[in-house]
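The opening residue of the sequence shown carries number 36 in the working numbering; numbering runs sequentially from there. Every residue, glycine too, gets a C-beta built ideally from N, C-alpha and C. The structure appears below as structure tokens.
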Amino acid sequence: MKIVIINYGAGNIQSIKFAIERLGFEAVLSNDWKEIKAADRVIFPGVGEASFAMKMLIDSGLDVLIPTLKQPVLGICLGMQLMCNKSEEGNTTGLGIFDVDVIKFTPKVKVPQMGWNQIYNLKSDLFNGISENEYMYLVHSFYAPNCPEAIATTDYEVEYASALQKDNFYGTQFHPEKSGDIGEQILGNFLKL
């Protein structure tokens, strides 16, 4: 199986690559259109600020490519947020794959939400064998509100979508690559989709 981790300058790519290797697979880091289109699975990571990351996608033309992909695609953290319609962070227009807008937590809670929190209302093959209320690792100040495409929920000030799915596109707000054995099981499930 050919796994490509999109390398566009705004990703936490090495820890994802190592997690894939622990599962017994090889992953290629690439921003090459042909290589991404030929992959069996594509992982779209993201760390940092939304408008900067989106500019990196636009500069490489990946903003055009990603929404057209037909194989399973997994957006992680900012990668998932960039797959939404838009983000309040930097007033950023996203890829429009998920029909939801990303908004900021209010000052009533500490931001970023950093650390372990539970996921529940699990509704996808991405979570095969995963129990309700497992703890995942999160670091974020912005979130996707609950919406019809939500496949997992987390509570921090409000209940929000900690994972999304539409067709072949999946997204997790949490970092499966940093969430221990359960997170790696979710990555393994993605590779089996």
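Taking the straight line between their C-alpha atoms, what separation do you get for residue i and residue j?
i: Ser197; j: Lys69; result: 31 Å
i: Asn152; j: Leu173; result: 7 Å
i: Cys119; j: Gly59; result: 31 Å
i: Leu226; j: Tyr170; result: 21 Å
i: Pro142; j: Lys37; result: 43 Å
i: Pro180; j: Ser159; result: 18 Å
i: Asn156; j: Lys139; result: 22 Å
i: Lys213; j: Gln106; result: 24 Å
i: Arg57; j: Glu192; result: 34 Å
i: Leu109; j: Gly46; result: 13 Å
i: Met91; j: Asp216; result: 32 Å
i: Asp190; j: Met149; result: 13 Å
i: Asp75; j: Thr207; result: 19 Å
With a Cβ-Cβ cutoff of 8 Å, do residue i and residue j count as a contact?
i: Ile51; j: Ile41; result: no
i: Pro147; j: His175; result: yes
i: Gly83; j: Leu130; result: no
i: Ser95; j: Tyr178; result: no
i: Phe79; j: Ile101; result: yes
i: Cys182; j: Val135; result: yes
What does the Cβ neighbour count give for residue i, buried or exposed, with the cut at 16 atoms within 10 Å?
i: Val99; result: exposed
i: Gly81; result: buried
i: Ser166; result: exposed
i: Thr103; result: exposed
i: Gly218; result: buried
i: Lys121; result: buried
Report yes if the C-beta of residue i is less than 7 Å from at least one heavy atom of the ligand ZN; otherwise report no.
i: Val82; result: With respect to the ligand ZN, the structure offers nothing, as it holds no ligand at all.
Would you please state the rounded distance, in angstroms, between the beta carbons of residue i and residue j? I believe it to be under 8 Å.
i: Ala88; j: Leu117; result: 6 Å
Please list the segments of the alpha helix (DSSP H) lying wholly inside the stretch 101–152, counting only runs of 4 or more residues, in order along the chain.
113–117
Give the list of continuous beta strand (DSSP E) stretches no shorter than 3 residues that lie fully inside the stretch 156–208.
169–175, 177–180, 185–191, 193–201 and 204–207
Could you pull out every unbroken beta strand (DSSP E) segment of at least 3 residues lying fully inside the stretch 38–111, listed in chain order?
38–41, 62–65, 76–79 and 108–111
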